[in-house]
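Peer 1: For reference, each letter of the sequence shown is one residue, going 463 to 845 in our numbering.
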Amino acid sequence: MQPKKLFLSSAVLFVSVTLLLVGFVGASSEMWTQTYGGTADDYAEAMVQTSDGGYALAGYTTSFGAGSYDFWLVKTDEYGNVEWNQTYGGEDIDHAYALVETSDGGYVIAGGSLLVKTDMYGNMEWNQTYGGVSLVETSSGGYVIAGTKNDDFSLVKIDTSGKMEWNRTYGGPEVERAYSLVETSDGGFALAGEKIVNFDCDGVPIPAWRFWLVKTDEMGNMLWNHTYGNLNSVARSLVRTSDGGYALAGTMSSFNPAIGIIGGPLLVKTDEYGNMEWNQTFSGWQAFAVVEASDGGYAIAGAGSMVKTDKYGNMEWNQTVGGVVNSLLATSDGGYALAGALNGDFWLAKADEHGVIPEFPSLIILPLFLVGTLVAIILKKKT
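#1: Going by beta carbon distance, what residues of the same chain come within less than 8 Å of G834, once the five residues before and after it are set aside?
#2: Could you give the C-beta distance for V562 and V618, rounded to a whole number, given that I count them as a contact under 8 Å?
#3: Pick out the complete beta strand (DSSP E) segments inside the segment 758-813, 3 residues or longer, and give them in chain order.
#4: Taking DSSP's pairing of strands, which residues face P669 in a bridge?
#5: So, is G488 buried or exposed, given that buried needs 16 or more other C-beta atoms within 10 angstroms?
#6: Between V696 and E638, which are expected to be in contact by the criterion C-beta below 8 Å, what is the C-beta distance as a whole number of angstroms?
#7: Less than 6 Å between C-beta atoms, sequence neighbours within five positions excluded: which residues of the same chain meet that for W809?
#8: Measure the alpha-carbon distance for A792 versus P820 and round it to whole angstroms.
#9: Anyone know if the C-beta pair for T631 and D614 falls short of 9 Å?
#10: Just confirm the distance between the C-beta atoms of A572 and I620, as a whole number of angstroms; I'd bet it's less than 8 Å.
#11: Provide the residue span of the beta strand (DSSP E) that contains Q548, from first to last.
#12: Could you give the residue range of the beta strand (DSSP E) that holds V644?
#13: State the DSSP-derived secondary structure class of G574, mapped to helix, strand or coil.
#14: Put G485 into one of helix, strand or coil per three-state DSSP.
#15: Can you tell me the Cα-Cα spacing of E627 and G665, whole angstroms?
#16: Starting from G521, trace the beta strand (DSSP E) in both directions and tell me its first and last residue.
#17: Tell me whether the beta-carbon of L700 lies closer than 9 Å to the beta-carbon of V644.
#18: Assuming K537 and A508 make a contact with CB atoms under 8 Å, what is their CB distance in whole Å?
#19: Assuming M493 and D814 make a contact with CB atoms under 8 Å, what is their CB distance in whole Å?
#20: Please name the residue in A763, A654 and E778 whose C-alpha comes closest to that of R702.
#21: Can you tell me the Cβ-Cβ gap for G516 and E553, rounded? I've got them flagged as a contact below 8 Å.
#22: Report the option in G746, D504 and G634 whose CA atom is closest to the CA atom of M768.
#23: First and last residue of the beta strand (DSSP E) that includes D503?
#24: Considering only C-alpha positions, which residue in the set T689, D679 and E680 is nearest to A671?
#25: With DSSP as the reference, please indicate the residues paired to I819 in a beta bridge.
#26: Would you kindly check if the distance between the Cβ of L729 and the Cβ of F750 is under 9 Å?
#27: To which residues of the same chain is N629 closer than 6 Å at the C-beta, ignoring the five residues directly before and after it?
#28: Going by alpha carbons, who is nearest to C663 out of A720, N692, L535 and F673?
#29: Reducing DSSP to helix, strand and coil, say where A654 ends up.
#30: When DSSP labels each residue in this structure, what does H688 get in the three-state scheme?
The following block contains the structure:
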């Protein structure tokens, strides 16, 4: 694969800030929310907590960059204040879906047809035309990227300079799409996504989506695979659990002639071999991210909502979060970091242990000059 000719630029962005230091009984976490963007649409798909305690977000921007859609990487401190940002892309549509902080302190960003490696400040070191929606830096060195190729799961292994070492596809005549990837304790990999499976309906085969989990060895050779869920179940997020198993989160939907499409999040827990231990469904929204909580339970988030469960998937609480959550992390203080999109901008929020984040209050617009550029800083009005 030849490197793609790209343009790299830094963007001047508008930042909105809401900060709340929790002071009520029973709360121990700090809460804040920030958005980043320009005058057009900007959408964060992936987030990592960085080695310095801050955050990095990747997605696409239509406000900045060289093309209609470009990769956008935003680095913040621990409170979401921007330290730097960079765009990457050419005249084509470049949409980033996945992000890792690398062992050398830099970043790798994966998108539909582009892979970019940067240094610790976001300066591009190399790029390749490998597409993907999820990636990991492997324990043996290099990177593995998961995606979809010719309607099959795809897995590509590259070295630290971006050179391909091997590639694999998994699937059959049906359509399979991969969305999430983890490295496993044995050095292999697990991929989750969706697969079309025929259901028997009074003797008539009806095709429908189901969760699909594929386990491979360190060379990408398939060891086993399982499907889960009922009609139209799409797995969007996969995590390894502390007991050696897996948790998959996504959305299950069906059509009711009286009221239309109905459904909601589906959470599936398996053992280390993919055998389902339990599953739970929730109503009314789409789930895009799952994380194991510090107490052994699970948190799932997605389109406007967040749910916390115990270790068996029983709901403990749910919160309305306002934006679309595409990436979710458990933080060391027992709270959560959420990233996605809100009102057409990148969105990063810090929630407490109950999933509470500050709502957007009345605003004071304070004009500040930074290197000759007007930046709008939006702060919470005191009451």
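Backbone N, C-alpha and C define an ideal beta-carbon position, used for all residues, glycine too.
Peer 2: The short version:
#1: As a first step, residue 834 is located in the sequence shown; it is residue number 372 there, counting from the start. With a pLDDT of 31 at G834, under the threshold of 50, the modelled position of this residue cannot be trusted; read the value that follows with caution. Same-chain partners within the cutoff: there are none.
#2: Walking along the sequence shown from the start, residue 562 turns up at place 100. Walking along the sequence shown from the start, residue 618 turns up at place 156. With a Cβ gap of about 14 Å, V562 and V618 do not count as contacting.
#3: 760-771, 777-792, 798-804 and 807-813
#4: Sequence index remark: in the sequence shown, residue 669 carries index 207 (1-based). Bridge partners of P669: N660.
#5: For the purposes of this step, residue 488 is taken as residue 26 along the sequence shown, with counting starting at 1. At G488 the pLDDT is 40, less than 50, meaning the model places this residue with poor confidence; the figure from the coordinates comes in the next sentence. By the neighbour-count rule (16 or more Cβ atoms within 10 Å), G488 is not buried but exposed.
#6: As a first step, residue 696 must be located in the sequence shown, where it is residue number 234. As a first step, residue 638 must be located in the sequence shown, where it is residue number 176. 11 Å between Cβ atoms; not a contact.
#7: In the sequence shown, the residue the question calls residue 809 occupies position 347. Taken in chain order, the residues that qualify are T497, G785, G802 and A803.
#8: For the purposes of this step, residue 792 is identified with residue 330 of the sequence shown, where counting begins at 1. For the purposes of this step, residue 820 is identified with residue 358 of the sequence shown, where counting begins at 1. Each residue's Cα considered, the two are about 18 Å apart.
#9: As a working mapping, residue 631 is identified with position 169 in the sequence shown. As a working mapping, residue 614 is identified with position 152 in the sequence shown. Result yes, Cβ atoms of T631 and D614 sit closer than 9 Å.
#10: Counted from its first residue, the sequence shown places residue 572 at position 110. Counted from its first residue, the sequence shown places residue 620 at position 158. That pair is no contact at about 11 Å.
#11: To locate residue 548, count along the sequence shown from 1; it is residue 86. Looking at the DSSP string, the run of the beta strand (DSSP E) that includes Q548 is V544 to G551.
#12: Counting from 1 along the sequence shown, the entry for residue 644 is found at position 182. Its beta strand (DSSP E) spans residues E638 to E645.
#13: Position 112 of the sequence shown, counting from 1, holds the residue named residue 574. Reduced to three states, the DSSP call for G574 is coil.
#14: The residue you call residue 485 lines up with position 23 of the sequence shown. For G485, the predicted structure reports a pLDDT of 33, less than 50, and the residue's modelled location is therefore unreliable. The matter cannot be settled from this model.
#15: Along the sequence shown, one-based indexing puts residue 627 at 165. Along the sequence shown, one-based indexing puts residue 665 at 203. One C-alpha to the other measures close to 46 Å.
#16: Translated into the one-based positions of the sequence shown, residue 521 becomes position 59. Y517 to T523 is the span of the beta strand (DSSP E), which, as asked, contains G521.
#17: On the sequence shown, position 238 is the one that residue 700 refers to. On the sequence shown, position 182 is the one that residue 644 refers to. A contact, by the Cβ cut-off of 9 Å.
#18: Translated into positions along the sequence shown, residue 537 becomes position 75. Translated into positions along the sequence shown, residue 508 becomes position 46. At roughly 13 Å, the Cβ-Cβ gap does not stay under 8 Å, so K537 and A508 are not in contact.
#19: What you label residue 493 is simply residue 31 of the sequence shown in a count that begins at 1. What you label residue 814 is simply residue 352 of the sequence shown in a count that begins at 1. At roughly 5 Å, the Cβ-Cβ gap stays under 8 Å, so M493 and D814 are in contact.
#20: Position 240 of the sequence shown holds residue 702. Among A763, A654 and E778, the Cα nearest to that of R702 is on A654.
#21: Within the sequence shown, residue 516 is the residue found at index 54, counting from 1. Within the sequence shown, residue 553 is the residue found at index 91, counting from 1. Their Cβ separation, rounded to whole angstroms, is 32 Å, which puts G516 and E553 out of contact at 8 Å.
#22: Counting from 1 along the sequence shown, the entry for residue 768 is found at position 306. Considering only alpha carbons, the answer is G746.
#23: Locating residue 503 in the sequence shown gives position 41, where the first residue counts as 1. Counting along the chain, D503 falls outside any beta strand (DSSP E), and DSSP gives it neither H nor E.
#24: Residue 671 sits at position 209 when you count from the first residue of the sequence shown. Residue 671 is actually Trp in this sequence, not Ala. Ranking T689, D679 and E680 by Cα distance to W671 puts T689 first.
#25: Along the sequence shown, one-based indexing puts residue 819 at 357. According to DSSP, I819 bridges with nothing at all.
#26: Start at 1 with the first residue of the sequence shown, and residue 750 comes out as number 288. Start at 1 with the first residue of the sequence shown, and residue 729 comes out as number 267. It is not a contact, given that the beta carbons lie outside the stated cut-off.
#27: Locating residue 629 in the sequence shown gives position 167, counting from the first residue. If we look at N629 and ignore the five residues flanking it on each side, its Cβ neighbours are V618.
#28: Looking up residue 663 in the sequence shown gives position 201. For C663, the nearest C-alpha among the options comes from N692.
#29: On the sequence shown, position 192 is the one that residue 654 refers to. Strand, per DSSP.
#30: Looking up residue 688 in the sequence shown gives position 226. Correct three-state label for H688: strand.
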